[in-house]
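Working notes, structure below.
Protein chains: 2
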Amino acid sequence: MPELRKDPVVDRWVIIAPERADRPQAWLRRGGEDGDDAAGCPFCPGNEAMTPPELYALRDGPAWSVRVVPNRYPALRTEIQLSREGRGSFDRMSGTGAHEVIIETPQHGVSLGQLPAKQVSAVLSAWQVRMRDLARDERLRCALLFKNEGLAAGATLSHAHSQLMALPLVPAELTEEMSAARDHFGRKERCIYCDVIAQELLEKERVIHEGERFVSLAPFASRSPFETLILPRAHQSGFEQADALELAACAEELRTLLRKIEVALERPALTLFLHTAPLREAELPWYHWHLTVKPTVAGVGGFEWGSGCFINPTPPEEAARFLRQTEV
Amino acid sequence: MPELRKDPVVDRWVIIAPERADRPQAWLRRGGEDGDDAAGCPFCPGNEAMTPPELYALRDGPAWSVRVVPNRYPALRTEIQLSREGRGSFDRMSGTGAHEVIIETPQHGVSLGQLPAKQVSAVLSAWQVRMRDLARDERLRCALLFKNEGLAAGATLSHAHSQLMALPLVPAELTEEMSAARDHFGRKERCIYCDVIAQELLEKERVIHEGERFVSLAPFASRSPFETLILPRAHQSGFEQADALELAACAEELRTLLRKIEVALERPALTLFLHTAPLREAELPWYHWHLTVKPTVAGVGGFEWGSGCFINPTPPEEAARFLRQTEV
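So, in structure tokens, the structure goes:
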């Protein structure tokens, strides 16, 4: 059974999930390669029986366009009763949570960025539907939506999919953002993300694309080459609160950014993740949801593990200029 | 010129180092492979002219056994005057610092763990000599010693070497450890690391090897399979303060652990890093220096980047049992 363990010194939780070791290695090797086999792909139409029972699907007639299923090798499980235990310096929590897979398209071998805008919008809508449903489980405090595309990013299946994990705690990255943003608001009565957007739109040099409702940036302190950020221009703390128009605009912005990255960097492996306020939070004046897209380049080495600092050889100004000029 | 940039929201600094992009790709491809060419290796005896001028060497007669040189593609540079600048939400600092390479042996193709105990001890002694020297530069606040071994860990040259970076700030990972450890001491008047060692030696199940002066553990909340930790049994906050006997004992413990990992996991790529108190700190009752050794396994994906949590399929108890039983 999976469990969460807190580092005895720092505020970092780790999921110990022995069952994850059972994932078939064959898939690991095949994932991300162009020649992989649609016939044996559990995410292809006709192979629905290869996945655990469907949690949600968007259908137009009998065929689905987006489908959500539990992860077959979940890092956390809803069936586990929430419990906590401490012994001396060591704290544990049961591996209570959810781990779902969003199959982004019935088409095998097509990336999220290559899908039509309407389909990307349907994917974002499925993310939202699942988050709202998971929010009903009071044990779950936070939802983390992420996506690994390509073998180098850790994707074990090449068929386009994203993943949603719901956790019984607010993880370190989000806690740090929330706490720093709350401090800023406490001092200035302004959202730090709104401040950053305003300054970026003024300085222009790190702006990749300006949509009407969303903006894509190369962050000032990008950790790795071509790290990018999508933010709603209007203040909003929770992705779950976005309305249909906002979702459609976000989908359009994400699609534009992904296409630029695919063209400019020749379809690199990449990861994507969504930072949004914890589940069931009312609208917060200090937090601002955002999507990060990070092409996978060099691995994380001893310096990065040891310091928490990153060395980035590509100034975000250069990355932004290159992506801005890339026609899609 | 490299510069440091602070993330506008969280307390994370990034080194933007455009010159690092100039590193020859040929080396990147060749590094870590067994067949690479000693003749063209800048770390081999006879090729000393291929490196920047030597900073330190341990010699027995004319031949060196350990040699320290500046990194040819430094992420930070001592020649840069320390300056700070803020503009709106964005903070920058000059890329002032040091980036050195410790060539661990004249022998090409031998790993640190394969060297005799006396040679490993000489390497640790060189780390200490360089840290003490860098501590004389008051601009530098912290030294981070690390090592990447094998291509998958990011090593660009296969000849055994470690790296030392000195930073004009205390990086996030160390700040968090120091601050949590200081809090613990404030409440309990005990060092948290001493507490952990005592509990681990009692529970035994995560102990890999018990030396007389040092102990090797699989940490309770290991982030990845076979992550390991070496701690001095006696409280000591700074690696620089270790005496010759302690260095020799640490070298022996590190060599034992590295050999166990090499045998058990068939010489995996790995990273190693040293956490020690900031430069020029007097002995601190709340901090305890330690070495982390992390075999490189799966890459870091969207979940890890987005949450700061890690999913580890190998319980540390299993990793410790396996390494404990591995004969070297």
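Protein chains in written order, with the working numbering: chain Z, 12 to 339; chain P, 12 to 339. Where is the CB? At the ideal position from N, CA and C, for every residue including glycine. Keep in mind the model is a prediction, meaning the values are calculated, not measured.
Tell me the start and end of each unbroken beta strand (DSSP E) in the region 216-262 of chain P that is at least 3 residues and wholly inside, in chain order.
The beta strand (DSSP E) runs lying completely inside the region 216-262 of chain P and spanning 3 residues or more are 218-221, 225-228 and 239-243, given in chain order.
When Cβ atoms are compared, which residues of the region 117-132 of chain P fall closer than 7 Å to chain Z?
Listed by position along the chain: nothing, the set is empty.
Alpha carbon of serine 105 of chain P to alpha carbon of leucine 334 of chain P, nearest angstrom: Taking the first residue of the second sequence as 1, we reach residue 105 of chain P at position 94. Taking the first residue of the second sequence as 1, we reach residue 334 of chain P at position 323. If I take the Cα positions, the gap works out to 43 Å.
### Message
Going by DSSP in three states, glutamine 118 of chain P sits in which element: helix, strand or coil?
### Response
Numbered from its first residue, the second sequence carries residue 118 of chain P at position 107. Three-state DSSP puts glutamine 118 of chain P in coil, outside helix and strand.
Q) Since aspartate 206 of chain Z meets chain P, which of its residues come closer than 8 Å, beta carbon to beta carbon? A) Residue 206 of chain Z sits at position 195 when you count from the first residue of the first sequence. Under the 8 Å cutoff, chain P gives Pro19, Gly99 and Ser100.
Q | leucine 175 of chain Z classed as buried or exposed, judged by whether at least 16 other C-beta atoms fall within 10 angstroms | A | By 1-based counting over the first sequence, the position of residue 175 of chain Z is 164. Around the C-beta of leucine 175 of chain Z, 16 or more other C-beta atoms lie within 10 Å, and the residue is accordingly described as buried.
Whole alpha helix (DSSP H) runs in the region 121-171 of chain Z with 4 or more residues, listed along the chain? 128-145, all fully within the region 121-171 of chain Z.
*Hey, arginine 217 of chain Z and alanine 331 of chain Z are a contact pair by Cβ (cut 8 Å); roughly how many whole angstroms apart?*
Residue numbering aside, residue 217 of chain Z sits at position 206 when the first sequence is read from its first letter. Residue numbering aside, residue 331 of chain Z sits at position 320 when the first sequence is read from its first letter. Going by Cβ atoms, the distance from arginine 217 of chain Z to alanine 331 of chain Z rounds to 5 Å, so yes, they are a contact pair.
For a test of the three-state rule: what should DSSP assign to alanine 32 of chain P, helix, strand or coil? One-based indexing of the second sequence puts residue 32 of chain P at position 21. Alanine 32 of chain P: helix per DSSP, three-state reduction.
### Task
Please compile the residues from chain Z whose C-beta is within a distance smaller than 9 Å of the C-beta of lysine 305 of chain P.
Within the second sequence, the letter at position 294 stands for residue 305 of chain P. Result: Gly313 and Trp316.
* Asked: Closest by CA to asparagine 159 of chain P, which one among P/Gln336, P/Leu87, P/Arg278 and P/Gly313?
  -> The residue you call residue 159 of chain P lines up with position 148 of the second sequence. Nearest neighbour of asparagine 159 of chain P by Cα position, chosen from P/Gln336, P/Leu87, P/Arg278 and P/Gly313, turns out to be P/Arg278.
Residues bridged to aspartate 342 of chain P (per DSSP)
Because residue 342 of chain P is not part of the residues shown, which for chain P are 12 to 339, the question remains open.
Self-check item: Same chain, Cβ closer than 7 Å to valine 140 of chain P, neighbours up to 5 away in sequence not counted
Solution: If you number the second sequence from 1, residue 140 of chain P lands on position 129. Result list for valine 140 of chain P: Tyr67, in chain order.
Worksheet item: For arginine 291 of chain Z, which beta-bridge partners are listed by DSSP?
Response: The sequence position of residue 291 of chain Z within the first sequence is 280, counting from 1. Per DSSP, arginine 291 of chain Z has no beta-bridge partner at all.
Can you tell which of P/Leu168, P/Val339 and P/Phe314 has the C-alpha that lies nearest to the C-alpha of isoleucine 272 of chain P?
Reading the second sequence from its first residue, position 261 is the one you call residue 272 of chain P. Taking isoleucine 272 of chain P as reference, the option from P/Leu168, P/Val339 and P/Phe314 with the minimal CA-CA separation is P/Val339.
For this session: Would you tell me roughly how many angstroms separate the C-alpha atoms of threonine 89 of chain P and proline 236 of chain Z, rounded to the nearest one?
Result: Locating residue 89 of chain P in the second sequence gives position 78, where the first residue counts as 1. Locating residue 236 of chain Z in the first sequence gives position 225, where the first residue counts as 1. Our two residues, threonine 89 of chain P and proline 236 of chain Z, have alpha carbons roughly 25 Å apart in a direct line.
**Message:** I want to verify the contact list: residues of chain P whose CB lies under 8 Å from the CB of lysine 158 of chain Z, in sequence order.
**Reply:** On the first sequence, position 147 is the one that residue 158 of chain Z refers to. Within chain P, the residues whose beta carbon sits less than 8 Å from that of lysine 158 of chain Z are Gly313, listed in sequence order.
* Asked: Between the Cα of leucine 185 of chain P and the Cα atoms of P/Thr303, P/Phe321, P/Leu15 and P/Val112, which residue gives the shortest distance?
  -> Residue 185 of chain P sits at position 174 when you count from the first residue of the second sequence. Cα-wise, what sits closest to leucine 185 of chain P is P/Thr303.
### chain Z residues whose Cβ lies nearer than 8 Å to that of leucine 265 of chain P
Here residue 265 of chain P corresponds to residue number 254 of the second sequence, with the count starting at 1. None at all; the shortest Cβ gap to chain Z is about 14 Å.
**Request:** Just the chain Z side, please: which residues come within less than 9 Å of glutamine 210 of chain P by C-beta, in chain order?
**Result:** Taking the second sequence and counting its residues from 1, one reaches residue 210 of chain P at position 199. Neighbours of glutamine 210 of chain P on chain Z, chain order: Pro19, Arg98, Gly99, Ser100 and Phe101.
| message | Distance check for leucine 281 of chain Z and glutamate 111 of chain P, CA to CA, integer angstroms please. | response | In the second sequence, the residue the question calls residue 111 of chain P occupies position 100. In the first sequence, the residue the question calls residue 281 of chain Z occupies position 270. Between the C-alpha atoms of glutamate 111 of chain P and leucine 281 of chain Z there is a straight-line separation of about 31 Å.
Check your understanding: Ordered along the chain, which non-local residues of its own chain (more than five positions away) have a Cβ less than 7 Å from that of glycine 222 of chain P?
Key -> What you label residue 222 of chain P is simply residue 211 of the second sequence in a count that begins at 1. Ala260, Glu263 and Glu264.
(message) Please identify, using Cβ separations under 8 Å, the residues of the region 274-286 of chain P that lie next to chain Z, in order along the chain.
(response) From the region 274-286 of chain P, only Thr282, Leu283, Phe284, Leu285 and His286 have a Cβ closer than 8 Å to chain Z.
| What beta strand (DSSP E) runs, 3 residues minimum, are completely inside the region 171-197 of chain Z? | As far as the region 171-197 of chain Z is concerned, its whole beta strand (DSSP E) runs of at least 3 residues are 172-178.
Give a yes or no on whether 7 Å exceeds the smallest Cβ distance from tryptophan 300 of chain P to chain Z.
-> Your numbering for residue 300 of chain P matches position 289 in the second sequence. No - not a single Cβ of chain Z is within 7 Å of the one on tryptophan 300 of chain P.
For proline 367 of chain P and tryptophan 300 of chain P, which I take to be in contact (beta-carbon distance under 8 Å), what is that distance rounded to the nearest angstrom? One cannot answer for residue 367 of chain P here, as it falls past the ends of chain P, which runs 12 to 339.
For the beta strand (DSSP E) containing glutamate 328 of chain Z, list its first residue and its last residue.
-> Here residue 328 of chain Z corresponds to residue number 317 of the first sequence, with the count starting at 1. Element bounds for glutamate 328 of chain Z: not the beta strand (DSSP E) but the alpha helix (DSSP H), 327-336.
Q) Closer than 7 Å, CB to CB, is leucine 290 of chain Z near chain P or not? A) As a first step, residue 290 of chain Z must be located in the first sequence, where it is residue number 279. Nearest CB-CB separation between leucine 290 of chain Z and chain P: not below the 7 Å threshold.
Exercise. Taking the CB atoms as reference points, tell me whether proline 306 of chain Z and leucine 276 of chain Z lie closer together than 7 Å.
Key: Against the first sequence, residue 306 of chain Z aligns to sequence position 295. Against the first sequence, residue 276 of chain Z aligns to sequence position 265. Yes, these two residues count as a Cβ contact at 7 Å.
Residues of its chain near alanine 146 of chain Z, where Cβ-Cβ distance is below 8 Å and the 5 sequence neighbours each way are ignored: One-based indexing of the first sequence puts residue 146 of chain Z at position 135. If the five residues before and after alanine 146 of chain Z are omitted, its C-beta is found closer than 8 Å to the C-beta atoms of Ala154, Glu251, Leu290 and Arg291, all from its own chain and listed in chain order.
For proline 182 of chain Z, is the classification buried or exposed, using 16 other Cβ atoms within 10 angstroms of its Cβ as the cut-off for buried? Within the first sequence, the letter at position 171 stands for residue 182 of chain Z. Result: buried.
Buried or exposed for arginine 266 of chain Z, going by 16 or more other Cβ atoms inside 10 Å? By one-based count along the first sequence, residue 266 of chain Z stands at place 255. The residue is buried, with at least 16 neighbouring Cβ atoms inside 10 Å.
Quiz item: Are the CB atoms of alanine 229 of chain Z and threonine 239 of chain Z nearer to each other than 7 Å?
Solution: Your numbering for residue 229 of chain Z matches position 218 in the first sequence. Your numbering for residue 239 of chain Z matches position 228 in the first sequence. Closer than 7 Å, so yes.
Practice prompt. Can you give me the start and stop residues for the alpha helix (DSSP H) that serine 318 of chain Z sits inside?
Written response: Here residue 318 of chain Z corresponds to residue number 307 of the first sequence, with the count starting at 1. For serine 318 of chain Z, the enclosing alpha helix (DSSP H) stretches over residues 313-318.
Looking at chain P, which residues of the region 323-337 of chain Z have a Cβ within less than 9 Å of any of its Cβ atoms?
When CB distances to chain P are screened at a threshold of 9 Å, the residues of the region 323-337 of chain Z falling below it are Asn323, Pro324, Thr325, Pro326, Pro327 and Glu329, in chain order.
When DSSP labels each residue in this structure, what does threonine 89 of chain P get in the three-state scheme? Within the second sequence, residue 89 of chain P is the residue found at index 78, counting from 1. The answer is coil: DSSP assigns threonine 89 of chain P none of H, G, I, E or B.
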